[in-house]
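Please read the structure below before turning to the comments.
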Amino acid sequence: MQNISYFCIVKRFNSFFRAYLMAFLLSLTCNAVNAQPVSEEILQSMDSVNVSLLTCGPGHEVWSLYGHTAIRYNDIGRHQDLVINYGMFSFRQKFFILRFVFGLTDYEMGIMAYNDFISEYQSEGRWVKQQTLNLTRDEKWAITQAIDENYRPENRTYRYNYFYDNCTTRARDMITSHINGNVLYAENQTKGMTFRNMIHAYNGDHPWARLGNDLLLGVKADAEASSEEQQFLPDNLCKAFDDALIINKDGKRRQLVGVSTYLLNAPAQVSESGIPVTPADCSIILLIITIVICLIEWIFKKVLWGYDAILLTLTGLAGIILFAMIFSQHPTVSLNFQILILCPLSLIFAFPVVKKLRKHEIHWYLKVLKYLIATAVILFAFQKYDQSVLILALILLGRIVSDEILCTKKLGKQ
């Protein structure tokens, strides 16, 4: 999700078109007012309705790296072809970035014309796959009513969560919760998958986005995800639907998906590397600089405390962000062992540590930080860090050990 998201997006439609579509959906249910049970005429009208799951390929923007999911509602009899989309948001919302980071982002359900939807994805060079669902008249009518109810102003907004409640899971639930029976998915063939390694499959060509995701995601992102949890990714849900069965209440079985087809085939694309320097490159450069500084210190028997001040300040600032994540409503970011490396206390103790180093003395905080970093490295067995973070941990440990040795020798001579 982030990254995560850290995402699913389609541009907002204009107010006139939105009002028009809303009126259409309302008209579908107005015919059934006070009709208990639903009239045969209404059910027969569902024969001209096709409900499909649309899965869209990744885009180039950070928020579109993981694809998108929507529902196509095509009423051939009424010449109405609509796309139900749960990925509507606006960067113009107040404090959007902060709200997203703390899990307070509100997304909306939106409806747009199918032609507008497909044109947008065509212009972006993204593929779109359609899975037409094998639904009964009653199920189509139930979904029609649910869409209408969900689109009411008081119902269309929801609190977005990238892993557990996003545009893909909302589309899935709209379909599966209105089926007269149970959906049986094929046995999961990707055992041992975690949220972290699933999103790694999509952001591998975007190392800085990957680093951002890995920094914010905590240990819970490395827990094994269930088959249902894996469906937060559009492509995973698409594959799950392909092999899914509907078990009717009378025990009969039918395929969930009737026909699958690609509405758009993505053109061949050359992978874009983006920023030429990767986080791993930067960390290796920093490691080389650290080694050079340590050699200079050993040659001239002098502690270059300014370098320590820079390291403590920068890692402390990064640590404040990780500390803030403790209060986020995202369930996978609150417990993050990387805070032992990017420790916010380093910002507080940077001045007293430097003050001691200038006197060739070691402040007790450096000794504590050394053990915190060593502990974080051990905890890598439970939470995976980006390789640049591991290199940074090595740099910090090396600096502390070097300072301890130099200060001890200096004091010994005195």
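All letters in the sequence shown, in the order written, are residues 54 to 467 by my numbering.
Where is the CB? At the ideal position from N, CA and C, for every residue including glycine.
This one's a predicted model, so the numbers in the text were calculated from it and none came from an experiment.
{"Item": "Environment of A263 [buried if 16+ CB atoms lie within 10 Å]", "Value": "Looking at the sequence itself, residue 263 is Arg, so the reference to Ala does not match. Buried: at least 16 other Cβ atoms inside 10 Å."}
{"Item": "Straight-line Cα distance separating S313 from G234", "Value": "22 Å"}
{"Item": "Close Cβ partners of H34 (< 7 Å) along its chain, the five nearest in sequence each way excluded", "Value": "Any question about residue 34 goes unanswered here, given that the chain covers just 54 to 467."}
{"Item": "Counterpart residues of V104 in DSSP-defined beta bridges", "Value": "Y126"}
{"Item": "Distance between K437 and Y139 (C-alpha atoms, nearest Å)", "Value": "31 Å"}
{"Item": "8 Å Cβ cutoff met for N187 and G311", "Value": "yes"}
{"Item": "Same chain only: Cβ atoms within 6 Å of C83, ignoring 5 sequence neighbours per side", "Value": "Since pLDDT at C83 reaches only 44, below the 50 mark, its modelled position is unreliable, and the value read off the structure follows with that caveat. Result list for C83: empty, nothing under 6 Å."}
{"Item": "Complete runs of the alpha helix (DSSP H) confined to the region 386-416 [at least 4 residues]", "Value": "398-410"}
{"Item": "Bridge partners - I137, DSSP secondary structure assignment", "Value": "I124 and I164"}
{"Item": "Neighbourhood of I453 by C-beta distance below 7 Å, restricted to the same chain and skipping five residues each side", "Value": "L419, L422 and K423"}
{"Item": "Pairwise C-alpha distance: N266 and P260", "Value": "10 Å"}
{"Item": "K182, buried or exposed, once every other Cβ within 10 Å from all chains shown has been counted against 16", "Value": "buried"}
{"Item": "Close-in-space but distant-in-sequence residues of the same chain around T343 (CB under 7 Å, 5 per side omitted)", "Value": "I448, G451 and R452"}
{"Item": "C-alpha gap between L316 and L290, whole angstroms", "Value": "17 Å"}
{"Item": "Nonlocal neighbours in the same chain, by C-beta distance under 8 Å from R205, ignoring five residues either side", "Value": "none"}
{"Item": "Inter-residue spacing [alpha-carbon to alpha-carbon] between I164 and L135", "Value": "7 Å"}
{"Item": "Test item: CB-CB of Q391 and F155 under 8 Å", "Value": "no"}
{"Item": "Collapsed DSSP secondary structure at T229 in the structure displayed", "Value": "helix"}
{"Item": "Host alpha helix (DSSP H) of N256 (start-end)", "Value": "F248 to N256"}
{"Item": "Residue environment, W116, which counts as buried when at least 16 other CB atoms sit within 10 Å", "Value": "buried"}
{"Item": "Residue environment, I363, which counts as buried when at least 16 other CB atoms sit within 10 Å", "Value": "exposed"}
{"Item": "Entirely enclosed alpha helix (DSSP H) segments - the region 182-218, minimum 4 residues", "Value": "190-203"}
{"Item": "Sub-8 Å separation of T385 and F142 beta-carbons", "Value": "no"}
{"Item": "Local Cβ density within 10 Å of A72, reported as buried at 16 or more and exposed below that", "Value": "With a pLDDT of 40 at A72, under the threshold of 50, the modelled position of that residue is not reliable, and no figure is offered here."}
{"Item": "Boundaries of the beta strand (DSSP E) in which I352 is found, first to last residue", "Value": "Where I352 is concerned, there is no enclosing beta strand (DSSP E), although the alpha helix (DSSP H) it sits in stretches over P332 to F353."}
{"Item": "Inter-residue CB distance, I124 and V104 (contact presumed, cutoff 8 Å)", "Value": "7 Å"}
{"Item": "Element boundaries [alpha helix (DSSP H), containing S313]", "Value": "Premise fails: S313 lies in the beta strand (DSSP E), V310 to L317, not in any alpha helix (DSSP H)."}
{"Item": "Within 8 Å, strictly: CB atoms of I337 and I444", "Value": "yes"}
{"Item": "Beta-carbon proximity of A403 to T366, cut-off 8 Å", "Value": "yes"}
{"Item": "R452, DSSP secondary structure in three states", "Value": "helix"}
{"Item": "Backbone secondary structure at E114 - three-state DSSP", "Value": "coil"}
{"Item": "Supposed contact pair N256 and L118 - C-beta distance, whole angstroms, cut 8 Å", "Value": "6 Å"}
{"Item": "Residues of its chain near E277, where Cβ-Cβ distance is below 8 Å and the 5 sequence neighbours each way are ignored", "Value": "K244, G245, M246 and T247"}
{"Item": "Own chain, CB closer than 7 Å to E202, minus 5 neighbours either side, in chain order", "Value": "N208"}
{"Item": "Whole-angstrom distance between Q184 and A446, CA atom to CA atom", "Value": "47 Å"}
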